[in-house]
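**Q** Below is one structure. I have some questions about it.
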Amino acid sequence: MSAHFLLGTLLATGWALSARPTLLGWFIFVALMNGGTLAINSAFDQDEGDIGYLKAPPKPPKHLAVFSALLLGISALLGFLLPLPFALINLGCVVMSVLYSVPPPRLKARAGWDLLINCVGFGLLTPLAGWALTGRPFSRPILRASVGFAFLFATLYPMTQIYQVAEDSRRGDRTLVIQVGVGRSLGLALVAALIAHGFFLAGVLARHRHPLFLLPSLLAWLAVLLPWLHGWRTWTDQQHEAGMYWGLAAWAITDLSLLALLWP
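Structural data, given as C-alpha cells:
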C-alpha cells in the first residue's frame, strides 16, 4: 500500500516532494485509513485459516471493531488538512471500507461487488490519493495509469481469493471466485491484465516515452498467469497461495516500470 500510494506522489513531483504533506498524507491514508480497513475487515471476518498476507491469523481482539472505527473516523477528519481532492478520495475510501466489511451491506460477500470495491479503492484511488496530496491537478498520464491499476487489481484480486475458497464458503460468503469458479476467475485475471497494460501504454505514450520498457511488466504477469491457467486443476491450496505472492512480485515490477516511464 505504501509503495502504491507513494508512486502517485513521486509521479507528481519527482524528488521535489515536500516531506511534511507527504508524511501527513501517508499517515492519514495508509496508517489510519488502510490500517482501519484491515482491522474492521478482521473484526467481522473472524478468520481461522490462512488469509491474504497472513498465515494462521490470531483471533481478533475483543474491541477491534471499535478501534477500527476510531481509526477510520480520525482518518476521514484529518484528510481535510490536505487538498480537497485528497480529502474526498480518502473519505470515499473510508465509506467503501465500511460497506465492504460491515453487515448488512458487507459487499465483500457479494460476487462482483467484492471485486469492484478493491479495484476502485486500491487500484484506482490509491495512486490518485498520493498524487492529490501534492495539490497538483491530475494529468492525463496519471489518470490513465490509475485506470490501468484498477484493471490490474482485477487481475490480482482473484489470486488472493482462490486459496481461501474453503474459508469463505464456511462463512457463507459468495465471492467472485466461488461464484464463477477458479478457471474462469483466472481467465478474467488474464483479460484484465491485458486491458490494464493497454491503459498503461496510453499513459506512457501521453508522456512521449518509449513503450518498449513496459514489456517487463507484461511479461511478469504472463509468467504468473499462464502456468496457473494451465495447471490450476492439480494445484494445492499452498501452490495457489504461492501464486498470489508471485502476483505481488509482478505488481512491484509494474510499479517500478511505470515509475521509470512516467517520471516527471
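Start counting the sequence shown at -2; every next residue gets the next number (our numbering). Ideal Cβ positions, reconstructed from N, Cα and C, are used throughout, including at glycine.
Assuming contact is defined by CB atoms lying nearer than 8 Å, are G32 and S94 in contact in what I supplied?
**A** no
**Q** Confirm the yes/no value for this check: CB of V221, any heavy atom of the ligand SAM, distance under 7 Å.
**A** Absence of the ligand SAM is noted for the structure shown, with no ligands found whatsoever.
**Q** According to DSSP, is H1 part of a helix, a strand, or is it coil?
**A** helix
**Q** Skipping 5 residues on each side, what residues in its chain have a beta carbon closer than 7 Å to that of G180?
**A** Answer for G180: W229, listed in chain order.
**Q** Hey, could you find the ends of the alpha helix (DSSP H) M241 is sitting in?
**A** D234 to L258
**Q** Please classify R141: is it buried, with 16 or more other beta-carbons within 10 angstroms of its beta-carbon, or exposed?
**A** By the 10 Å Cβ count, R141 comes out buried.
**Q** Measuring CB atoms only, is the stretch 193 to 208 touching the stretch 230 to 240, in the sense that at least three cross pairs come out at less than 8 Å?
**A** Between the stretch 193 to 208 and the stretch 230 to 240, the count of Cβ pairs shorter than 8 Å is below three; the stretches do not touch.
**Q** What is the rounded straight-line gap between the Cα of T134 and the Cα of H227?
**A** For clarity, residue 134 is Pro in the given sequence; the question names Thr instead. One C-alpha to the other measures close to 44 Å.
**Q** Identify the continuous alpha helix (DSSP H) that holds D111 and give its terminal residues.
**A** W110 to N115
**Q** From Y154 to L112, what distance separates their C-alpha atoms?
**A** One C-alpha to the other measures close to 7 Å.
**Q** Could you check whether I25 and S98 sit closer than 8 Å to each other, using their CB atoms as the reference points?
**A** No, the pair does not count as a contact, with Cβ atoms beyond the cut-off.
**Q** Could you pull the DSSP bridge partners for R107 from this structure?
**A** R171
**Q** For L68, I'd like the list of residues in its chain whose CB is within less than 7 Å of its CB, leaving aside the five on either flank, ordered along the chain.
**A** L29, G32, G33 and A36
**Q** Please specify which runs of the alpha helix (DSSP H), each continuous and at least 4 residues long, are wholly inside the stretch 154 to 223, giving them in chain order.
**A** 162 to 168, 173 to 177 and 179 to 203
**Q** Go through its chain and collect everything with a Cβ distance to T131's Cβ below 6 Å, but skip five positions before and after it.
**A** Excluding sequence neighbours, T131 sits near A9 and T10.
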